[in-house]
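The structure appears right after this line, and notes come after that.
Protein chains: 2
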Amino acid sequence: MRILYTDGSAAPNPGPGGYAVIENGKPIALGGEPMTTNIRMEGIALGKALRLLNGEEAKIYTDSDFWRQVLMQWAPNWQINGWKKKKGDIKNLDIVKPLYELYCQSNAEIIWLKGHAGHEYNELADSWANKAREGQRIENING
Amino acid sequence: MRILYTDGSAAPNPGPGGYAVIENGKPIALGGEPMTTNIRMEGIALGKALRLLNGEEAKIYTDSDFWRQVLMQWAPNWQINGWKKKKGDIKNLDIVKPLYELYCQSNAEIIWLKGHAGHEYNELADSWANKAREGQRIENING
RNA sequence: AGACACCGGCUACG
DNA sequence: CGTAGCCGGTGTCT
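From first to last, the protein sequence lines are chains D and Y.
So the first sequence is numbered by my numbering: it starts at 1 and just counts up by one.
So the second sequence is numbered by my numbering: it starts at 144 and just counts up by one.
Here it is as structure tokens:
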């Protein structure tokens, strides 16, 4: 049973963003984008984690209750209703759809934990996501 | 020319509710009900304001576009058609009818302003409506 | 089927 | 204080 921690950030929000996937206290995936949102980076981190797992049994810890609810509650309904919700449009569908598909094929459990509440590995993921974002900012500045 | 601000709220909705009428930065009417809706409380606030004006020339600011449209567009038609609309019943008729009558006899102009957009006196009305609702909740708990 | 407004709740990011 | 996202409700209109 593998245990992964994911986190994403954007500063300012929206703005340059980064994400990290942590396993055994070390980053196994890092990345960033020059212009994104906190929500998108958290989702991309989860997608990266699911891809790395490739079907293996696992627990993934995230501080994004939003994405946990997308995968476990809302997406099933959205799919049935043709990817529509009652009010307005579903945002970030380009991430939602493939992520939900990955989740359905996975043996992973998505577990929410409160951010900045002293969870060691979550803080670590946060820290690495920030580093990845800073790297992104530098790339951005350099061109 | 008197300038009044009204607001109403319910938390949860439906649930205990409160309303406030503000003039010169101070509440001139407050009230609450143990079980109501946000729409009803906004309407009751307007009714209270019109009664307090007693025909004096005034502007009344509300963030309920719904009630502004009731008074300025829909109610005239509803009255002509015997207080019926094409589909379904008119809700909250117990508030709509006397409110429309008060409005017709008044010299007040109803003006909509966007809620939670930094309008100082509207925020004040919101704040007092919440206090009135909390008082209502306490009364509710006590008895 | 669309549109509008308001009320309430939750999480994260900054 | 702001941003990004979601859920539920009351109500009307075309």
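The C-beta atom is built at its ideal place from N, Cα and C for all residues, glycine as well.
Taken in chain order, the unbroken stretches of alpha helix (DSSP H) that lie wholly in the segment 148 to 220 of chain Y and span 4 residues or more are 181 to 196 and 208 to 212.
Residue Y:251 holds the alpha-carbon nearest to the alpha-carbon of residue 197 (chain Y) among Y:229, Y:183, Y:251 and Y:149. Judged by DSSP secondary structure, residue 125 (chain D) falls within the alpha helix (DSSP H) whose first and last residues are 120 to 142. Contact between residue 25 (chain D) and residue 63 (chain D) is absent: CB atoms are separated by about 17 Å, not below the 8 Å threshold. Counted as a single uninterrupted DSSP element, the beta strand (DSSP E) harbouring residue 253 (chain Y) occupies residues 250 to 255. Counting every other CB atom within 10 Å of its CB across the protein chains shown gives residue 184 (chain Y) a total of 16 or more, marking it as buried.
Remark: C-beta atoms of residue 254 (chain Y) and residue 202 (chain Y) approach each other more closely than 8 Å. Annotation for residue 187 (chain Y): 162 place their beta carbon closer than 6 Å to its own, counting only its chain and skipping 5 residues before and after. Residue state for residue 95 (chain D) is assigned as helix, using DSSP reduced to three classes. Around the C-beta of residue 214 (chain Y), 16 or more other C-beta atoms lie within 10 Å, and the residue is accordingly described as buried. By the criterion of a C-beta distance shorter than 8 Å, residue 266 (chain Y) is surrounded in its chain by 259, once the five residues flanking it on both sides are discounted. If you check the CB distance, residue 52 (chain D) and residue 29 (chain D) come in under 8 Å. Residue D:73 holds the alpha-carbon nearest to the alpha-carbon of residue 104 (chain D) among D:73, D:136 and D:15. Counting only the Cα atoms, residue 31 (chain D) lies some 8 Å from residue 136 (chain D).
Looking at the DSSP output, residue 146 (chain Y) sits in a beta bridge with Y:202.
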